[in-house]
Amino acid sequence: MHAIKHWLPLSTFALLAGCFDNNIDTVRETRFDMEPSFTIGQALDNRPLCQSHTWDEVQDSKSRTVVEYRCEIKGAREYFEKQFVSLSEKLNSRFYTKESSVEAELKSAQDAVTSSEEDIADYQQTETEDEGTQASARIVELRSAIAALQSGDPADLANVQLPAGYRIVEYYSDNVNDAEAGLKEAVAETLTGMQEELQRETESEQQYAQEMAEQASQGLQYANDSLKQARERLNELQSKRDEALAQVAAEREAAMAKLKGYTDVETAHEIYQWTVSKDKDVYLSYIGVEIDYANGEQEDRSDPHGASRHLRAVLNDAFDTYEKYVRAGLPGGGIKRDPELLWLIY
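Written as C-alpha cells, this is what we have:
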C-alpha cells in the first residue's frame, strides 16, 4: 500500500517480557519510545484526534506483511470544505482580474481612438484659423505700419497704429512750414531704418508662421496615422472580446472543477505501519496520512523525517481535529499539489 519512508530500529521500541503469537499484539504491547510507561497500543488507542481506529495486518507496497494502525481523523471533510471556500474566493478574484484586464485593454484602445480624433480636430482648427493666430495678426500690423511709412504722408503717419516697440516722436515748431519741413526731414532720416526693421520682423514672423504651419501639418499626419492604428487595434480587440472572455470563463470553470476535486474529501487517516521479524523485533516502517477523495482517488502524504514529531503529537494528545493537526505542521495540510492551480491561487 505504501512505500517505506524510513526505518526505526528496535531500540526505539522495547518489547515487554513474554511472547505473543499475534503480530498485532506484539506491536501493541511494545513499549512506546517517547514514554516507556506506555505501550504502543496504550498510546494510540482512544486518541481524541480519532473518529475511529483499527489495527490490522496488510500487505505493503513491497508485498510484506505489516501491522497497520489506522486513525480516521476527525473533521477532515470540514477542513477541506473550508479550504474550498477560501481558495475559491482567491480563484474568483484572480479571474475577475483577468476579465477586467480584457475590458481595460478595450477601454485603453477606445481612449487612444478618442485622443487621436481630438488631436486631429485641434490640428484642423489650427490650419483654418491661421489668419487669426498671434503671428498672423502681428504680420498684418507690421505690413500696415510699413505702408504708412512708405507713403511719407504726415496724415498717414499721424494716424498709423505702430506695432508694440515702435513709436514716432512728435516734432513741434512755431513755423508751420518749418514744422512740416522738419517732420518730413525727420521721416526721411528714419523711414529707411524703420522700414528695414519692420521688414526684418515681418519676415521673422512669416517664417515662424510657416514653421508653425509645417508643424501642424506634420502633427496632423501623425495624428491621422495614430488614429488609423488605434482603430485597427480597437476593431481587433472588439472582435476578440467575446472570445477572450469566453476563454477566461472556461479557465475559471476548469480551475474551479480542479479545486472542487481536490477538496471533495471523504476521509483522512493517519497511518502507522510496523514490520515484525521472526524474532518478534518490531520496526516502524511508515508514518503518514492517507486522504480518500469522493472520486475514489487516494493520496499518500507523509513526512520521511517526521517520525519524532508524530510520536510526540501522539504522546501529548494535543489535537482533536484535522485542522489543528495540520496547523501543527503534520502532513495533510492544503490541497493536492498542482503547480498550475497553485499559480492561479497564489
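Going by my numbering, the sequence shown opens with residue 10, and the numbers climb by one from there. No residue lacks a Cβ here, since even glycine has one placed at the ideal position from N, Cα and C.
Presumed contact (8 Å Cβ cut-off) between residue i and residue j, rounded CB distance
i       : j       : result
Ala-316 : Ala-337 : About 15 Å separates the two Cβ atoms, so there is no contact after all.
Ala-253 : Val-122 : Wrong, their Cβ atoms sit about 19 Å apart, outside the cutoff.
Leu-100 : Ile-354 : 6 Å
Tyr-302 : Val-335 : Not really, about 16 Å apart at Cβ, beyond 8 Å.
Thr-63  : Ile-49  : About 14 Å; that fails the 8 Å criterion.
Ile-129 : Leu-236 : 6 Å
Ala-225 : Tyr-132 : 5 Å
Assigned exposure category for residue i - 16 Cβ within 10 Å defines buried
i       : result
Asn-244 : exposed
Gln-282 : buried
Val-291 : buried
Trp-352 : exposed
Ser-311 : buried
Val-185 : A caution first: Val-185 carries a pLDDT of 48, below 50, which makes its placement in the model unreliable, though a value can still be read off. Exposed, because fewer than 16 other Cβ atoms sit within 10 Å of the Cβ of Val-185.
Tyr-181 : Summary for Tyr-181: the model assigns pLDDT 44, below 50, so the residue's position carries little reliability, and this model does not support an answer.
Asn-31  : exposed
Ser-294 : buried
Gly-27  : The pLDDT assigned to Gly-27 is 43, lower than 50, so where the model puts this residue is not dependable; a value taken from the coordinates is nonetheless given after this. It is exposed - the Cβ of Gly-27 has fewer than 16 other Cβ atoms within 10 Å.
Gly-297 : buried
Thr-284 : buried
Glu-140 : Bear in mind that the predicted position of Glu-140 carries a pLDDT of just 46, short of 50, making it too unreliable to give a figure here.
Ala-239 : buried
Ser-117 : exposed
Glu-349 : exposed
Glu-179 : Residue placement at Glu-179 cannot be trusted, given a pLDDT of 48 that sits under 50; the coordinates are not used to answer.
Leu-125 : Correcting the residue type first, residue 125 is Ser in the shown sequence and not Leu. Burial call: buried.
Glu-205 : exposed
Glu-332 : buried
Ile-344 : buried
Asp-42  : buried
Arg-359 : Examination of residue 359 is not possible in this model, given that the chain is present from 10 through 355 alone.
Ala-156 : exposed
Ala-52  : buried
Trp-16  : The predicted model places Trp-16 with a pLDDT of 37, which falls under 50 and marks its position as unreliable; any figure quoted below should be read in that light. With fewer than 16 Cβ atoms within 10 Å of its Cβ, Trp-16 is classed as exposed.
Residue of the options minimising C-alpha distance to residue i
i       : options                            : result
Arg-318 : Pro-340, Glu-306, Thr-330, Asp-329 : Pro-340
Ala-60  : Gly-84, Ala-263, Phe-47            : Contrary to the premise, residue 60 reads as Gln rather than Ala in this sequence. Cα-wise, what sits closest to Gln-60 is Gly-84.
Glu-279 : Lys-289, Ile-300, Gly-270, Glu-260 : Ile-300
Ala-266 : Ser-97, Val-75, Glu-127, Lys-249   : Ser-97
Asp-34  : Ser-46, Val-75, Ser-70             : Val-75
Gln-215 : Ala-130, Ser-124, Val-149          : Val-149
Arg-73  : Gln-247, Thr-211, Arg-250, Ser-286 : Ser-286
Lys-269 : Asp-69, Leu-207, Ser-70, Asp-347   : Asp-347
Thr-276 : Asp-309, Glu-260, Ala-259, Glu-205 : Asp-309
Ala-8   : Ser-213, Ile-344, Leu-246, Val-36  : Nothing in the structure corresponds to residue 8, since the chain is present only between 10 and 355.
Ser-153 : Asp-120, Gln-134, Thr-211          : Thr-211
Residue i: CB within 7 Å of a non-hydrogen atom of the ligand COA
i       : result
Asp-131 : Among the components modelled here there is no ligand, and therefore nothing to report on the ligand COA.
*Every unbroken alpha helix (DSSP H) inside the region 266-325 [4 residues or more]*: 316-325
*Three or more beta-carbon pairs under 8 Å between the region 224-231 and the region 82-96, yes or no?*
no
*Mind the definition here: the region 100-113 touches the region 324-337 only if three or more C-beta pairs lie below 8 Å; say whether that holds.*
Contact between the region 100-113 and the region 324-337 is absent: fewer than three C-beta pairs spanning the two stretches fall below 8 Å.
*Is the number of C-beta pairs between the region 50-67 and the region 76-86 that are closer than 8 Å three or more?*
yes
*Ordered list of beta strand (DSSP E) runs contained in the region 31-119, each at least 3 residues*: 59-68, 74-82
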